[in-house]
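K.L.:
Note that the protein sequences, when read in sequence, are chains F and H. What the first sequence shows, in numbering that gives the first Met the number 0, is residues 0 to 85, in sequence order. What the second sequence shows, in numbering that gives the first Met the number 0, is residues 0 to 415, in sequence order. Idealized CB from N, CA, C, for every residue including glycine. Just so it is clear, the structure is predicted and the values come from calculations on it, not from any experiment.
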Amino acid sequence: MKMLMKPIQVYALWREDGAILPLAFCLTRDEEKQKIAVSAVKNLREEHLAGRKTLYFDCVAVLGRREWIVCLRYDIAEHRWYLHKA
Amino acid sequence: MRVIFHVDVNSAFLSWSAAEHLLLGGTLDYRTVPSAVAKKNESGGGIILAKSESAKKAGVHTGEVVWQAKQKCPDLLLVPPDYPCYFRASHAMKTLLGEYSPAVESFSIDECFLDMTGQEKFFGPPVKAAEALKDRIKKELGFTVNIGIGNTKATAKMASEFQKPDRVHTLWQWEIETKLWPQPIDFLFMAGRRTVEKLLRLGVKLVGDMACLSPVLVKELMGKNGITLWHYANGRDDSLVLEGPPPSPKSISKSVTVPHVLKTQKECEDVLIYIAEELSFQLREKGLTAVVVTVALKDRDRCYFSHRQKFSDPILHYKDICDKALPMLKLLYPGNGVKYLCLCLSELSTKRSLNGLLFGRDIFKEERLEEAVFALKKRYGKQCVTTARSLHSGADQLFRHFDEEDFGGGAMPRFY
Numbered sequence: 000m001k002m003l004m005k006p007i008q009v010y011a012l013w014r015e016d017g018a019i020l021p022l023a024f025c026l027t028r029d030e031e032k033q034k035i036a037v038s039a040v041k042n043l044r045e046e047h048l049a050g051r052k053t054l055y056f057d058c059v060a061v062l063g064r065r066e067w068i069v070c071l072r073y074d075i076a077e078h079r080w081y082l083h084k085a
Numbered sequence: 000m001r002v003i004f005h006v007d008v009n010s011a012f013l014s015w016s017a018a019e020h021l022l023l024g025g026t027l028d029y030r031t032v033p034s035a036v037a038k039k040n041e042s043g044g045g046i047i048l049a050k051s052e053s054a055k056k057a058g059v060h061t062g063e064v065v066w067q068a069k070q071k072c073p074d075l076l077l078v079p080p081d082y083p084c085y086f087r088a089s090h091a092m093k094t095l096l097g098e099y100s101p102a103v104e105s106f107s108i109d110e111c112f113l114d115m116t117g118q119e120k121f122f123g124p125p126v127k128a129a130e131a132l133k134d135r136i137k138k139e140l141g142f143t144v145n146i147g148i149g150n151t152k153a154t155a156k157m158a159s160e161f162q163k164p165d166r167v168h169t170l171w172q173w174e175i176e177t178k179l180w181p182q183p184i185d186f187l188f189m190a191g192r193r194t195v196e197k198l199l200r201l202g203v204k205l206v207g208d209m210a211c212l213s214p215v216l217v218k219e220l221m222g223k224n225g226i227t228l229w230h231y232a233n234g235r236d237d238s239l240v241l242e243g244p245p246p247s248p249k250s251i252s253k254s255v256t257v258p259h260v261l262k263t264q265k266e267c268e269d270v271l272i273y274i275a276e277e278l279s280f281q282l283r284e285k286g287l288t289a290v291v292v293t294v295a296l297k298d299r300d301r302c303y304f305s306h307r308q309k310f311s312d313p314i315l316h317y318k319d320i321c322d323k324a325l326p327m328l329k330l331l332y333p334g335n336g337v338k339y340l341c342l343c344l345s346e347l348s349t350k351r352s353l354n355g356l357l358f359g360r361d362i363f364k365e366e367r368l369e370e371a372v373f374a375l376k377k378r379y380g381k382q383c384v385t386t387a388r389s390l391h392s393g394a395d396q397l398f399r400h401f402d403e404e405d406f407g408g409g410a411m412p413r414f415y
């Protein structure tokens, strides 16, 4: 996977127990916005490098019939989502 | 016997900036190249706040002027400081340290003392616990630390200075003679530049030389502070690891080295008034008043002058600070221009002045006005309200960098 660190829009679900579940995210390619579904979250880890609390979601992204693994990053302090690796 | 840890972040500002940079997708680890944290201002000044190991090998020192550092190391990569990141990283480290001991004393933004006495049953032998703590900080927070272990705060602090980075060192009482005494005298905890110069003149070159002096002679030559140093040289220090918030400050000051010489007294007054406004804001923020005012300046030839005066009445208001400081400036003003100006308020307390009532001054009205100004500044930034004199004096430009960093860079409120 390649490091991208691209800010993205994410559709996510906040469960009653506080867990966050990304459902889909938007990517702009050739000025065209694509909505990419997240079919599964394979792994979730929390890091606080340099004191910055961050959640990393290793997800299976689906676009049409194609599936690939991406890593989404949620910055807890800034409330921002990034496409961390893809 | 006590067990004290001293945790010291290696090249703190640079390590934190590097960790943040990598976290935000950067590929270059600043710690692996000759780099330094420094804010270069428009006049080409600015000083080195932290440097990498390779920059250190090239001869770059902390506190050095940027252009001098660039001469020593032309490839030096300058990283701008990021204070919110530093506070966040420091807080995260202190929170993590709190898991190891209830007694954590914050010694500075990147240094902490931990009282680990009696913690062996939870974390194992001190060296093993320190190794685990060091590795955990590296893994979880992304930066390296040195941990010094000793029976006192002074020995722990000196142990952490032995060899860097990412090391654990011990300086137990029985290791003083072999590990501490062969060190040069400037290695001694709390021995500043002037003290070291004095000791070298006396022929005291090593810590061991200091330790072997007679305490009577040390007291005669260097007074009370000399005795403290003599105790440190012998590994003695009975100060406790202080828990809780840091003690309130003994003084607050603000100084500026101007890029161009201030040629007239009026220009100096403008800067001093601006500093007085700042200090009044800080006093009010901390709920303190001061009774001692010190004005210091350096003239064009870098000669230093200062004047200090103690007042019976506690000072808080900006106007009162100006009333006291401006006559002092008049006394000191050298005539050939001023390069550096400093205003310091000391002997801080929580006492409030009541003399205004006796001499017909409506201090309650002034207090309400100052309270309102303070509330506005706190909410909308320090530049939202200022005195008419400071408005176009240009003094604020001298402090622009610091103010932006302190208050999030905007005069307008942030909306979430």
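Write down every uninterrupted run of the beta strand (DSSP E) in the stretch 37-67 of chain H whose length is 3 residues or greater and which is fully enclosed by it, in chain order.
P.N.:
If we require 3 residues or more, the beta strand (DSSP E) runs fully inside the stretch 37-67 of chain H come out as 47-50.
K.L.:
Go to H:Cys321, then tell me how far its alpha helix (DSSP H) extends in each direction, as first and last residue.
P.N.:
Here the alpha helix (DSSP H) through H:Cys321 covers Tyr317 to Leu331.
K.L.:
Could you work out which residues of chain F lie near H:Ala88, taking near to mean beta carbons separated by less than 7 Å?
P.N.:
Per Cβ cutoff of 7 Å: Ala49 and Gly50.
K.L.:
Closer than 8 Å, CB to CB, is H:Asn18 near chain F or not?
P.N.:
It is Ala, not Asn, that sits at residue 18 of chain H in the sequence shown. Judged by the 8 Å Cβ criterion, H:Ala18 is in contact with chain F.
K.L.:
Out of H:Pro83, H:Leu113, H:Ser105 and H:Ala289, point me to the one whose CA is closest to H:Phe12's CA.
P.N.:
Nearest option by C-alpha distance: H:Pro83.
K.L.:
Please report how far the alpha carbon of F:Arg79 lies from the alpha carbon of H:Thr143, in whole angstroms.
P.N.:
Between F:Arg79 and H:Thr143, the C-alpha separation is close to 27 Å.
K.L.:
For the beta strand (DSSP E) containing F:Met0, name the first residue and the last one.
P.N.:
F:Met0 -> no beta strand (DSSP E), and no H or E assigned at all.
K.L.:
Counting only the same chain and skipping the five closest in sequence on each side, list residues whose C-beta sits under 7 Å from that of H:Ala68.
P.N.:
Only Ala35, Ile47, Val59 and Leu75 meet the Cβ criterion.
K.L.:
Residues of chain F with a CB under 7 Å from the CB of H:Trp15: which are they?
P.N.:
Those within 7 Å of H:Trp15 in chain F are Ala49.
K.L.:
Find the residues of chain H that neighbour F:Met2, judging by a C-beta separation of less than 8 Å, and give them in chain order.
P.N.:
By Cβ distance, chain H contributes Gly24 and Thr26.
K.L.:
Do you know offhand how far H:Ala158's Cα is from H:Leu23's?
P.N.:
Cα to Cα, the separation comes out at about 34 Å.
K.L.:
Can you name the residues of chain F whose CB is closer than 7 Å to the CB of H:Gly141?
P.N.:
The contacting residues are Leu48 and Ala49.
K.L.:
Do you know offhand how far H:Ile184's Cα is from H:Cys211's?
P.N.:
Rounded to whole angstroms, H:Ile184 to H:Cys211 spans 13 Å at the Cα level.
K.L.:
Which of helix, strand or coil does DSSP assign to F:Gln33?
P.N.:
The answer is strand: DSSP assigns F:Gln33 an E or B state.
K.L.:
In angstroms, rounded to a whole number, what distance separates the CA positions of H:Tyr339 and H:Gln264?
P.N.:
Going by the C-alpha atoms only, they are around 13 Å apart.
K.L.:
Looking only at DSSP bridge pairs, what is F:Arg72 linked to?
P.N.:
Per DSSP, F:Tyr55 and F:Tyr81.
K.L.:
Work out the CA separation of F:Ala36 and H:Ser10 for me, nearest whole Å.
P.N.:
Going from the Cα of H:Ser10 to the Cα of F:Ala36 covers about 43 Å.
K.L.:
Would you mind sorting H:Glu19 into buried or exposed? The rule is 16 or more other CB atoms within 10 Å of its CB.
P.N.:
Buried.
K.L.:
Determine, using beta carbons only, whether H:Ala91 comes closer than 8 Å to chain F.
P.N.:
Taking Cβ atoms only, chain F reaches closer than 8 Å to H:Ala91, which makes this a yes.
K.L.:
Determine the closest residue to H:Thr31 out of H:Glu110, H:Pro164, H:Pro125 and H:Lys156, with distance taken between C-alpha atoms.
P.N.:
Nearest option by C-alpha distance: H:Pro164.
K.L.:
Per DSSP, F:Gln8 forms a beta bridge with which residues?
P.N.:
Note: F:Gln8 sits in a beta bridge opposite F:Cys25.
K.L.:
Using the beta-carbon count (16 or more within 10 Å), is H:Trp15 buried or exposed?
P.N.:
Burial call: buried.
K.L.:
Listing by chain order, which chain C residues have their CB less than 9 Å from the CB of H:Cys84?
P.N.:
Annotation note: the requested chain C is absent from the structure, which comprises protein chains F and H.
K.L.:
Suppose only complete runs of 3+ residues qualify. What are the beta strand (DSSP E) ranges in the stretch 178-266 of chain H, listed by chain order?
P.N.:
Runs of the beta strand (DSSP E) inside the stretch 178-266 of chain H: 250-261.
K.L.:
Mind checking who H:Gly149 pairs with in its DSSP beta bridge?
P.N.:
H:Ile3 and H:Leu170.
K.L.:
Given a threshold of 16 other Cβ atoms within 10 Å of its Cβ, counted over all protein chains shown, does F:His47 qualify as buried or as exposed?
P.N.:
Under this definition F:His47 is a buried residue.
K.L.:
Determine the DSSP secondary structure at H:Ala449, reduced to helix, strand or coil.
P.N.:
Chain H is shown from 0 up to 415; residue 449 of chain H falls before or after that span and cannot be answered.
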